[in-house]
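See below for the structure under consideration.
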Amino acid sequence: MSRQTDVVIGGGGMVGATLALALAQGGLKVIVADPVPPAAATDAKFDGRVSALSYSSQRMFEALGVWPKLETDAQPILDILVTDAPLGGAPSPFSLHFDSSEIGRPMGAIAENRHIRRSLFDALDAEKNITLIAPAAMTGLEEQGGKIVASLSNGETISASLAVAADGRESPMREEMGIGVIGWSYPQWGIVATVEHEKPHEGVAYEHFLPSGPFAILPMTGNRSSLVWTEKDTLAPAMMKLPEDEFNAEIAKRFGDHLGATEAAGPRWS
Numbered sequence: 036m037s038r039q040t041d042v043v044i045g046g047g048g049m050v051g052a053t054l055a056l057a058l059a060q061g062g063l064k065v066i067v068a069d070p071v072p073p074a075a076a077t078d079a080k081f082d083g084r085v086s087a088l089s090y091s092s093q094r095m096f097e098a099l100g101v102w103p104k105l106e107t108d109a110q111p112i113l114d115i116l117v118t119d120a121p122l123g124g125a126p127s128p129f130s131l132h133f134d135s136s137e138i139g140r141p142m143g144a145i146a147e148n149r150h151i152r153r154s155l156f157d158a159l160d161a162e163k164n165i166t167l168i169a170p171a172a173m174t175g176l177e178e179q180g181g182k183i184v185a186s187l188s189n190g191e192t193i194s195a196s197l198a199v200a201a202d203g204r205e206s207p208m209r210e211e212m213g214i215g216v217i218g219w220s221y222p223q224w225g226i227v228a229t230v231e232h233e234k235p236h237e238g239v240a241y242e243h244f245l246p247s248g249p250f251a252i253l254p255m256t257g258n259r260s261s262l263v264w265t266e267k268d269t270l271a272p273a274m275m276k277l278p279e280d281e282f283n284a285e286i287a288k289r290f291g292d293h294l295g296a297t298e299a300a301g302p303r304w305s
């Protein structure tokens, strides 16, 4: 099967879906292909991460009609506190504090990726200029007669004036087209988990700089925060395998007591 459109986008994640909405609302016909169907991409087990949305990103979502669908699942960031300390030691007397009252509005918001995707998929579904094909991955691009023809994993081809590869940091299409990158690895892992805590976070995002790397506590809706724990690659695998009670003890050691008792809720991600 062959289709024609103005723009074909390989990847219907947050970036690809947002671009599709902007182009479609500008009057262009857009086809989005993604290997993961919406029901799977919005499942809590698919991705436990959150995203910090800047104020400008929030304004963009407002302009695209996405924000009203997302707002109830987004936690405003009212303060940001940055400190450093040795593990188990007293915090530095010096810190950075960013207060939203100084600018008269929240500095942004924290939202679970699955909720962002759900809001975007709802908006895509309501947009007459967008066709979402999923599951189907973009597998090849070829120029033909002044058009770019995209091949999909389901056997379809899409002829368009513009093709966009929004298929992630390890982009298969980037590699397919021979576009080089410069990259390097750090000897660290990022451990992500949702943590429930006894006391309210009051919309404060914390970033502690510990010897192994940054330890971020990002406020979510309710008495929950997303933990983004940077750990040395020599220690991280063992941390990921710890029994629940021992993992919670390690969290508490780094959290401090400002949020009361803490407990990991749900799976760990790295």
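Throughout the sequence shown, residue numbering follows my numbering, covering 36 to 305 in sequence. Backbone N, C-alpha and C fix where the C-beta goes; we use that ideal spot for every residue, glycine too.
{"Check": "Buried/exposed call for residue 128, threshold 16 Cβ in 10 Å", "Outcome": "exposed"}
{"Check": "DSSP three-state assignment for residue 134, whether helix, strand or coil", "Outcome": "strand"}
{"Check": "Buried or exposed (CB count within 10 angstroms, at least 16 for buried), residue 179", "Outcome": "exposed"}
{"Check": "Endpoints, beta strand (DSSP E) assigned at residue 50", "Outcome": "First-last for residue 50: 49–60, but that is the alpha helix (DSSP H), not the beta strand (DSSP E)."}
{"Check": "Cβ pair count under 8 Å reaching 3, the segment 106–117 against the segment 247–263", "Outcome": "yes"}
{"Check": "Integer-rounded CB distance, given that residue 232 should sit under 8 Å from residue 260", "Outcome": "6 Å"}
{"Check": "Identity of the residue in 283, 224, 251 nearest residue 118 by Cα", "Outcome": "251"}
{"Check": "Contacting residues, own chain, Cβ-Cβ under 6 Å from residue 202 (five flanking each side not counted)", "Outcome": "45, 46, 208"}
{"Check": "Rounded separation between residue 193 and residue 76 - CA only", "Outcome": "23 Å"}
{"Check": "The alpha helix (DSSP H) enclosing residue 153, as first and last residue numbers", "Outcome": "148–161"}
{"Check": "Backbone secondary structure at residue 73 - three-state DSSP", "Outcome": "helix"}
{"Check": "DSSP-derived helix/strand/coil call for residue 244", "Outcome": "strand"}
{"Check": "Sequence-distant residues of its chain with Cβ nearer than 6 Å to residue 300 (five each side left out)", "Outcome": "229, 231"}
{"Check": "Any 3 or more C-beta pairs closer than 8 Å across the segment 66–84 and the segment 162–182", "Outcome": "yes"}
{"Check": "Runs of alpha helix (DSSP H) wholly within the segment 205–230 (minimum 4 residues, chain order)", "Outcome": "207–211"}
{"Check": "Coarse secondary structure for residue 87, derived from DSSP in three states", "Outcome": "strand"}
{"Check": "DSSP-derived helix/strand/coil call for residue 259", "Outcome": "strand"}
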